[in-house]
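For the protein sequence lines, the chains are G and A, in the order given.
Residue 87 in my numbering sits at position 61 of the first sequence, and the numbers go up by one each step.
Residue 132 in my numbering sits at position 69 of the second sequence, and the numbers go up by one each step.
Structure first, then comments.
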Amino acid sequence: DAGVIQSPRHEVTEMGQEVTLRCKPISGHDYLFWYRQTMMRGLELLIYFNNNVPIDDSGMPEDRFSAKMPNASFSTLKIQPSEPRDSAVYFCASSLAGWETQYFGPGTRLLVL
Amino acid sequence: GQSLEQPSEVTAVEGAIVQINCTYQTSGFYGLSWYQQHDGGAPTFLSYNALDGLEETGRFSSFLSRSDSYGYLLLQELQMKDSASYFCAVNRDDKIIFGKGTRLHILP
Numbered sequence: 027d028a029g030v031i032q033s034p035r036h037e038v039t040e041m042g043q044e045v046t047l048r049c050k051p052i053s054g055h056d057y058l059f060w061y062r063q064t065m066m067r068g069l070e071l072l073i074y075f076n077n078n079v080p081i082d083d084s085g086m087p088e089d090r091f092s093a094k095m096p097n098a099s100f101s102t103l104k105i106q107p108s109e110p111r112d113s114a115v116y117f118c119a120s121s122l123a124g125w126e127t128q129y130f131g132p133g134t135r136l137l138v139l
Numbered sequence: 064g065q066s067l068e069q070p071s072e073v074t075a076v077e078g079a080i081v082q083i084n085c086t087y088q089t090s091g092f093y094g095l096s097w098y099q100q101h102d103g104g105a106p107t108f109l110s111y112n113a114l115d116g117l118e119e120t121g122r123f124s125s126f127l128s129r130s131d132s133y134g135y136l137l138l139q140e141l142q143m144k145d146s147a148s149y150f151c152a153v154n155r156d157d158k159i160i161f162g163k164g165t166r167l168h169i170l171p
């Protein structure tokens, strides 16, 4: 298996622009997680899905953030409009059965100018 | 409230043994996970403890004491490639919370 795939790997955009991050989980994994990592706040869970259904989005910082999982092999995290404080590394992870063993993608490094 | 505490940095010598501690305060505790992250890389799963005791996986072992709200990661026969950040994470029934990470420096 190719592992969790994320795109783009790097994104530089200007404040106010829409940003869409993409994730393909490992085939057969029922759980998908979106995380954000910054030096100040560390690794934070934003939202997670079970069988394509959003279970908990309490970690999503603001209404500017939204996530979807239209099918078992694809998820998006959208920021609209983006702000400089959204600059971070965004990781997608998937797992077979919940929290225990999560496989992380390579991450998307987002810089909002 | 909920919190995890782990040392920010630890230094050890190649070939030695190092222990990274993690204490937590949280309700609805399910288990304690450990992840390794190299600079510029993604977190990689190392171990998971749901019950008290020691779990061993090769050179790495992880320990949990639920009564003490405490766990540790033990790395043996340290190699230079073990230089990385190590995160403990507490799994609750509806959340996962990561510690700030421990930066492990290994001296030759």
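For glycine and all other residues, C-beta sits at the position ideal for the given N, C-alpha and C.
Predicted model only: the values in this text are computed from it and were never measured.
**Asked** So is T74(A) buried or exposed if we call it buried at 16+ other beta carbons inside 10 Å?
**Response** Residue 74(A) sits at position 11 when you count from the first residue of the second sequence. Its Cβ having fewer than 16 others within 10 Å, T74(A) is exposed.
**Asked** Nearest to Y57(G) by CA position, among Q128(G), V38(G) and S84(G), is which residue?
**Response** As a working note, residue 57(G) is residue 31 in the first sequence. Minimum Cα distance to Y57(G) is reached at Q128(G).
**Message:** Using a Cβ-based criterion (distance less than 8 Å to any ligand heavy atom), does L139(G) qualify as near the ligand GDP?
**Reply:** Among the components modelled here there is no ligand, and therefore nothing to report on the ligand GDP.
**Asked** Taking only runs of the alpha helix (DSSP H) that begin and end inside the segment 114-147 of chain A, which ones reach a length of at least 4 residues, in chain order?
**Response** none
**Asked** When the Cα of Y74(G) is compared with those of L137(G), G42(G), S33(G) and Y61(G), which residue comes out closest?
**Response** Taking the first residue of the first sequence as position 1, residue 74(G) is located at position 48. Of L137(G), G42(G), S33(G) and Y61(G), the residue nearest in Cα terms is Y61(G).
**Asked** Mind pulling the chain G residues with CB within less than 8 Å of Y87(A)?
**Response** For the purposes of this step, residue 87(A) is taken as the residue at position 24 of the second sequence. Chain G residues near Y87(A): none, gap ~14 Å exceeds 8 Å.
**Message:** Looking at Q69(A): is its Cβ nearer than 9 Å to the Cβ of C151(A)?
**Reply:** Taking the second sequence and counting its residues from 1, the one referred to as residue 69(A) is at position 6. Taking the second sequence and counting its residues from 1, the one referred to as residue 151(A) is at position 88. With respect to the 9 Å criterion, Q69(A) and C151(A) are classified as neighbours on the basis of their beta carbons.
**Message:** If you reduce the DSSP assignment to three classes, tell me which class D112(G) lands in.
**Reply:** Start at 1 with the first residue of the first sequence, and residue 112(G) comes out as number 86. Reduced to three states, the DSSP call for D112(G) is helix.
**Message:** Assuming contact is defined by CB atoms lying nearer than 9 Å, are T107(A) and F130(G) in contact in what I supplied?
**Reply:** As a working note, residue 107(A) is residue 44 in the second sequence. As a working note, residue 130(G) is residue 104 in the first sequence. Contact flag set, yes.
**Message:** Quick check: the Cα distance between G162(A) and I83(A), rounded to an integer number of angstroms?
**Reply:** The sequence position of residue 162(A) within the second sequence is 99, counting from 1. The sequence position of residue 83(A) within the second sequence is 20, counting from 1. If you take the alpha carbons of G162(A) and I83(A), they lie about 12 Å apart.
**Prompt:** Rounded to a whole number of angstroms, what is the C-alpha to C-alpha distance between S90(A) and R155(A)?
**Reply:** What you label residue 90(A) is simply residue 27 of the second sequence in a count that begins at 1. What you label residue 155(A) is simply residue 92 of the second sequence in a count that begins at 1. Roughly 7 Å between the two C-alpha positions.
**Request:** Can you give me the start and stop residues for the beta strand (DSSP E) that H168(A) sits inside?
**Result:** By one-based count along the second sequence, residue 168(A) stands at place 105. That run of the beta strand (DSSP E) goes T165 to L170.
**Message:** For the segment 84-101 of chain G against the segment 86-101 of chain A, do three or more pairs of beta-carbon atoms, one drawn from each stretch, fall closer than 8 Å, so that the two count as touching?
**Reply:** Touching, no.
**Prompt:** If you follow the beta strand (DSSP E) that S96(A) is part of, which residue opens it and which one closes it?
**Reply:** Taking the second sequence and counting its residues from 1, the one referred to as residue 96(A) is at position 33. F92 to Q100 is the extent of the beta strand (DSSP E) around S96(A).
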